[in-house]
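Trainee: Residue numbers (the numbering used here): 28 to 338.
(1) Are any of the Cβ atoms in chain D nearer than 8 Å to that of residue 222?
(2) Given a cut-off of 8 Å, decide if residue 179 and residue 151 are closer than it, judged by their beta-carbon atoms.
(3) On the premise that residue 56 lies in contact with residue 33, defined as a C-beta separation below 8 Å, what is that separation, rounded to the nearest angstrom?
(4) Note the first and the last residue of the continuous alpha helix (DSSP H) segment covering residue 203.
(5) Per DSSP, what are the beta-bridge partners of residue 96 in this structure?
(6) Using three-state DSSP, classify residue 316 as helix, strand or coil.
(7) Would you list the residues sitting across from residue 300 in a DSSP beta bridge?
(8) Does DSSP put residue 170 in a helix, a strand or coil?
(9) Who are the Cβ neighbours of residue 189 in its own chain at under 6 Å, not counting the five residues just before and after it?
(10) Which word fits residue 113, buried or exposed, when buried means at least 16 other C-beta atoms lie within 10 angstroms of its C-beta?
(11) Considering just the uninterrupted stretch of the beta strand (DSSP E) at residue 58, what are its terminal residues?
(12) So who's on the other strand from residue 33, going by DSSP bridges?
(13) In this structure, how does DSSP classify residue 279 when only helix, strand and coil are distinguished?
(14) Roughly how many angstroms separate the alpha carbons of residue 167 and residue 196, rounded to a whole number?
(15) Below 8 Å, can you find three or more Cβ-Cβ pairs linking the segment 117 to 124 to the segment 241 to 252?
(16) Since residue 222 sits in a beta bridge, which residues does DSSP pair it with?
(17) Along the chain, where does the alpha helix (DSSP H) that runs through residue 133 open and close?
(18) Considering just the uninterrupted stretch of the alpha helix (DSSP H) at residue 78, what are its terminal residues?
(19) Let me check understanding here. Comparing Cα to Cα, which of 175, 59 and 225 lies closest to residue 138?
(20) Given a cut-off of 8 Å on the beta-carbon distance, is the pair residue 281 and residue 316 in contact?
(21) Under 8 Å, with one C-beta from each stretch per pair, do the segment 254 to 274 and the segment 283 to 293 reach the 3-pair mark?
(22) Can you name, in chain order, every residue of its own chain whose Cβ lies under 7 Å from the Cβ of residue 261, other than the five neighbours on each side?
(23) From the DSSP secondary-structure annotation, give me the bridge partner or partners of residue 213.
(24) Here's the rule: buried if 16 or more other CB atoms are within 10 angstroms of the residue's CB, otherwise exposed. What is residue 87?
(25) Under the three-state reduction of DSSP, which class applies to residue 88: helix, strand or coil?
(26) Between the alpha carbons of residue 69 and residue 305, how many angstroms are there, rounded?
(27) Is the separation between the beta-carbon of residue 85 and that of residue 53 shorter than 8 Å?
(28) In whole angstroms, what separates the C-alpha of residue 90 from that of residue 314?
(29) Flag this pair as yes or no: are the beta carbons of residue 40 and residue 71 separated by less than 8 Å?
(30) What is the DSSP secondary structure of residue 310, reduced to helix, strand or coil?
(31) Using CA atoms only, rank isn't needed, just tell me which of 231, 192 and 149 is closest to residue 210.
(32) For the alpha helix (DSSP H) containing residue 252, list its first residue and its last residue.
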């Protein structure tokens, strides 16, 4: 079993990514840490506890940081809604599984202490991981890879220059990059190559199971973020990073040097990707440059439907 830790701010695309990972029988999700991002931390905790109760997850949930390393929290509630999960009908039931008593940093540290070449799938701001590496830099050597959905080698989404997860806590991005841990970045430019549409929600709904009906309504609500009438496709963000973790053929990565802007008036949170390696800089990351849309979407939609992926 390949051990994986998931760090998340518990929106719909986070849920889809987690279900995609859990669909693989050779992956052991040893823990899920929660971080403020899509909503304040109490909303993230509520969503994650409802997810665990409905889907019967076994991995313990650990509450983490409720704010960035520096400055106030910025959320995506203006886009995603008050609870961070838009829907066309059904929502997660109110029943909540309990949190684990240990906080996220203590739980992650304990996991890394007994792990070697550990994999972290990060689906939100990197605050928890950065705080851990600042407190316990000795644990960096225990991390075999961080796979992060965040950043962009092109334009942003929260601002013209910055992707949301990077904008929320750019200092955390800088800490993780500076730690020397092996780092793969799945940014907006790769995720935008994998669109989902209302037809995907309709196909999921046709499965007819309670799980599929709930996820179809959440997927439709997610698609309608791009356009209220559903006429435009929506990029599938976090699940692209999950697919890249599971399938070496799903996403192509190139070595780059990634730096994050911390001070620019218009560019704070921008991830600057230098691709002229090694002439201009030494690589400190591998950045997603091309996604196989059919391969990724097929794997994710199969996981949502509770089926085995075709690849």
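Glycine included, every Cβ here is placed at the ideal spot set by N, Cα and C.
Mentor: On the basis of the coordinates in this document:
(1) Judged by its chain identifiers, the structure shown contains no chain D, having just a single protein chain.
(2) no
(3) 6 Å
(4) 197 to 205
(5) Note: residue 96 sits in no beta bridge, so no partner.
(6) strand
(7) 285
(8) strand
(9) 183, 296 and 297
(10) buried
(11) 54 to 61
(12) 59 and 148
(13) strand
(14) 19 Å
(15) yes
(16) 262
(17) 131 to 140
(18) 68 to 82
(19) 59
(20) yes
(21) no
(22) 222, 223, 249, 250, 252 and 253
(23) 176
(24) buried
(25) strand
(26) 44 Å
(27) no
(28) 29 Å
(29) no
(30) coil
(31) 149
(32) Neither: residue 252 is in no alpha helix (DSSP H) and is coded neither H nor E.
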